[in-house]
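Down below is the structure, laid out as structure tokens.
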């Protein structure tokens, strides 16, 4: 296998998060399913924004957040995703590059705006997301640069890409280029509702195309339609080379084929906003895996990154993750 | 005097803050004067933004921040300022309304963008501001609604408005409407460099048109070109009905004509980002003054609001100021 230029290249939605606080009643009034991501149209996103209190804007996007985390660990990361030529598009492009991630997808001048996600944070630190995808899924085949895909050890894809046919096509194309080049294909299941929407296709992917599956407890039990984490874990272990399953405060479990599952504890932390917990766990794990660390160390790097990101508002790290990992003796 | 609909109406620049962290070397490299606000053109703001690390976007603007603070105390506040029909303009309008401030200035569709301020926060919590005014100063006479001005007990104006002729004309018009209606005119000197740019006009305003002067130590010593705070204070006391002078950690001094100056201590706090300290002090003071509290109580409300805003990134309060004031037995 040829040498890699990047540890990981990610493909995902390019989103700016609009973060505000609210109580549970507000979620109920606006029909927002607590703890989940729902897709909304332009009209709904405007109406909900109007009803929200003052907000803060920060770059987001699930796989984009992961790439920023990998760069913060000192990893070489690239991102492919679509923004528009508007203020939000400029914010997204600036922030991901400023974080040290290679990002060269050209912005669209079609007039369709950059994707935005209204993140409603309740006093318990849980986040409920309302995403207007805008131009984000409009990633055509030409923008999934085969050379870039082949130049990375791992390609990381988000399940959310399946929510629109154009993005799904880009996903499939990227996965096939990576497989042909002998690279690893990693998939995040993204969200329990997202799994509901695409269960059949996700099962097919997990069984046939994915080397590293990343999912939380809700997502993996939804994928296999089972009622316990243990049953889901058995299925995942049978279906994939490597399944990395996160369980919030209960930590995570890494299931490799023909091995005992490895349990990794969560780091104790004062939770402010859980947005980005899974994305940053994936950053630590994929960075560790790409650099040849043991599965246990990779998982512990994931726990460090997740703990950092849930200790503040926003889904990207505010502290240098390599320094945090060194302080724990892991780098 | 007729009854008021608003406690305070503010006129100022309508700005979105783009906040990032940097070290002192970065400021030096980019010629940004530490602790001050400088005006930059479109090209400079782009170049500096490119060089900055990842950022967070939040609504700002000096007098706009003050109005949000007044609303957070439970006061009735209105704001007049100009944004464009772009993402940043929508952010500004959303946030100030969501904070409970009346804001009805129509957005511009000229193509000139909404004002933005690159706020560089150094590890000591000091902030250095680089402002591209964009459409903000384009506030024509028709947009300074005389009825709105007359409906407020106090009109609050920022010195920054003098940086562009159109905004200065709006300032003068508003001050004259307020004076004719028997309302109080309050002025913030905004920044030491701003005072340098407009000293002669500011002195004339302070002596002839302003009822309440709000300034920090750098601004007031610059206005009178004296080398000690005490000398500046004597001048201010002679020139204005009421001078409210802030001194960072040393607290503030309120100088009313023919009275001993009143010293107000600062509240102890862990400083994260001083952006908005003066704006929020003004919010507490003006709210207290408008509601007929003693000068000492008004000053203490200012200290509470300033302490809240410097304990986190961003120039607008994250906690309810009325609750904080009640906890101190002041409301």
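Protein chains in written order, with this note's numbering: chain P, 275 to 605; chain C, 275 to 605. Using N, Cα and C, we set each Cβ at its ideal position, and we do this for glycine too.
Test item: CB-CB of residue 282(C) and residue 344(C) under 7 Å: Your numbering for residue 282(C) matches position 8 in the second chain. Your numbering for residue 344(C) matches position 70 in the second chain. Yes, the Cβ-Cβ distance between residue 282(C) and residue 344(C) is below 7 Å.
For residue 376(C), three-class secondary structure by DSSP: Here residue 376(C) is taken as the residue at index 102 of the second chain, counted from 1. Residue 376(C): strand per DSSP, three-state reduction.
Three-state class that DSSP yields for residue 303(C) in the structure shown: Here residue 303(C) refers to the residue found at position 29 when the second chain is read from its first residue. Helix, per DSSP.
Partners in chain P for residue 365(C), counting only beta-carbon separations shorter than 9 Å: Within the second chain, the letter at position 91 stands for residue 365(C). Within chain P, the residues near residue 365(C) are 292, 329, 331, 361.
Short Cβ contact (7 Å threshold) for residue 579(C) with residue 560(C): Sequence index remark: in the second chain, residue 579(C) carries index 305 (1-based). Sequence index remark: in the second chain, residue 560(C) carries index 286 (1-based). No; because the gap between Cβ atoms is not below 7 Å, this pair is not in contact.
Cβ-based neighbour list, residue 329(P), same chain, cut-off 7 Å, excluding 5 preceding and 5 following: As a position in the first chain, residue 329(P) is number 55, starting the count at 1. These residues qualify, in order along the chain: 292, 293, 294.
Boundaries of the alpha helix (DSSP H) in which residue 561(C) is found, first to last residue: The residue given as residue 561(C) occupies position 287 in the second chain. Annotation: the continuous alpha helix (DSSP H) that includes residue 561(C) extends over 551 to 564.
Interfacial residues, the stretch 310 to 328 of chain C to chain P, with Cβ spacing under 8 Å: The stretch 310 to 328 of chain C vs chain P, Cβ under 8 Å: 323, 324, 326, 327, 328.
Nearest residue (CA-CA) to residue 382(C), options 414(C), 374(C), 406(C): The sequence position of residue 382(C) within the second chain is 108, counting from 1. Ranking 414(C), 374(C), 406(C) by CA distance to the CA of residue 382(C) puts 414(C) first.
Residues sharing a beta bridge with residue 476(P), DSSP: Position 202 of the first chain, counting from 1, holds the residue named residue 476(P). Residue pairing from DSSP leaves residue 476(P) without any beta-bridge partner.
Any C-beta of chain C under 7 Å from that of residue 373(P): Indexing the first chain from 1 puts residue 373(P) at position 99. Taking Cβ atoms only, chain C reaches closer than 7 Å to residue 373(P), which makes this a yes.
Residue 590(C): contacting residues in chain P (beta-carbon distance under 9 Å): As a working note, residue 590(C) is residue 316 in the second chain. Simply 328.
Limits of the unbroken beta strand (DSSP E) element including residue 434(C): Along the second chain, read from residue 1 onward, the residue named residue 434(C) stands at position 160. DSSP places residue 434(C) in no beta strand (DSSP E); its state is neither H nor E.
Unbroken stretches of the beta strand (DSSP E), 3 residues or longer, contained in the stretch 445 to 492 of chain C: Listed in chain order, they are 458 to 462, 486 to 490.
Contact list for residue 553(C) against chain P, beta-carbon separation under 9 Å: Here residue 553(C) corresponds to residue number 279 of the second chain, with the count starting at 1. Within 9 Å of the CB of residue 553(C), no CB atom of chain P is found; the nearest one sits about 15 Å away.
Coil, strand or helix - residue 409(C) by DSSP: Mapped onto the second chain, residue 409(C) falls at position 135. In the three-state reduction of the DSSP assignment, residue 409(C) falls in the coil class, being assigned neither a helical nor a strand state.
For residue 526(C), the three-state DSSP class (helix, strand or coil): The count along the second chain starts at 1 and reaches residue 526(C) at position 252. In the displayed model, residue 526(C) falls within a strand according to three-state DSSP.
Amino acids of chain C, ordered along the chain, whose beta-carbon sits closer than 7 Å to that of residue 369(P): Here residue 369(P) refers to the residue found at position 95 of the first chain. Under the 7 Å cutoff, chain C gives 328, 329.
Own chain residues within Cβ distance below 6 Å of residue 347(C), not counting five before or after: Numbered from its first residue, the second chain carries residue 347(C) at position 73. Once the five neighbours on either side are set aside, the close Cβ partners of residue 347(C) are 561, 595, 596.
Residue from 470(C), 572(C), 441(C), 451(C) with nearest C-alpha to residue 605(C): Here residue 605(C) corresponds to residue number 331 of the second chain, with the count starting at 1. Of all alpha-carbon atoms in 470(C), 572(C), 441(C), 451(C), the one lying nearest the alpha-carbon of residue 605(C) is that of 572(C).
Delimiting residues of the beta strand (DSSP E) encompassing residue 520(P): Translated into the one-based positions of the first chain, residue 520(P) becomes position 246. Element bounds for residue 520(P): 516 to 520.
Cβ contact (3+ pairs, closer than 8 Å) linking the stretch 317 to 326 of chain P and the stretch 349 to 363 of chain P: By the Cβ rule, the stretch 317 to 326 of chain P does not count as touching the stretch 349 to 363 of chain P, because fewer than three pairs are nearer than 8 Å.
Start-to-end residues for the alpha helix (DSSP H) that takes in residue 324(P): As a first step, residue 324(P) is located in the first chain; it is residue number 50 there, counting from the start. Boundaries of the alpha helix (DSSP H) harbouring residue 324(P): 316 to 325, taken from the DSSP string.
Selection from 550(P), 525(P), 522(P), 516(P) that minimises the alpha carbon distance to residue 534(P): In the first chain, the residue the question calls residue 534(P) occupies position 260. Looking from the CA of residue 534(P), the closest CA among 550(P), 525(P), 522(P), 516(P) belongs to 516(P).
C-beta atoms of residue 433(C) and residue 464(C) nearer than 7 Å: The residue labelled residue 433(C) in the question sits at position 159 within the second chain. The residue labelled residue 464(C) in the question sits at position 190 within the second chain. One thing to note: residue 433(C) has its Cβ within 7 Å of the Cβ of residue 464(C).
Per DSSP, cross-strand counterpart(s) of residue 401(C): Residue 401(C) sits at position 127 when you count from the first residue of the second chain. For residue 401(C), the beta-bridge partners assigned by DSSP are 395(C).
7 Å Cβ cutoff, residue 538(P) in contact with chain B: Within the model displayed, chain B is absent; protein chains P and C are what it includes.
Three-state class that DSSP yields for residue 534(C) in the structure shown: Numbered from 1 along the second chain, position 260 holds the residue referred to as residue 534(C). Of the three classes helix, strand and coil, the one that applies to residue 534(C) here is coil, per DSSP.
Identity of the residue in 487(P), 440(P), 389(P) nearest residue 412(P) by Cα: Sequence index remark: in the first chain, residue 412(P) carries index 138 (1-based). That would be 440(P), whose Cα lies nearest to the Cα of residue 412(P).
Where residue 333(C) falls: helix, strand or coil (DSSP): Your numbering for residue 333(C) matches position 59 in the second chain. Residue state, collapsed to three classes: strand.
Residues bridged to residue 365(C) (per DSSP): As a working mapping, residue 365(C) is identified with position 91 in the second chain. Bridge partners of residue 365(C): none, in fact.
Residue 493(C) versus residue 309(P) - alpha carbon distance: Position 219 of the second chain, counting from 1, holds the residue named residue 493(C). Position 35 of the first chain, counting from 1, holds the residue named residue 309(P). In a straight line, the C-alpha of residue 493(C) is about 48 Å away from that of residue 309(P).
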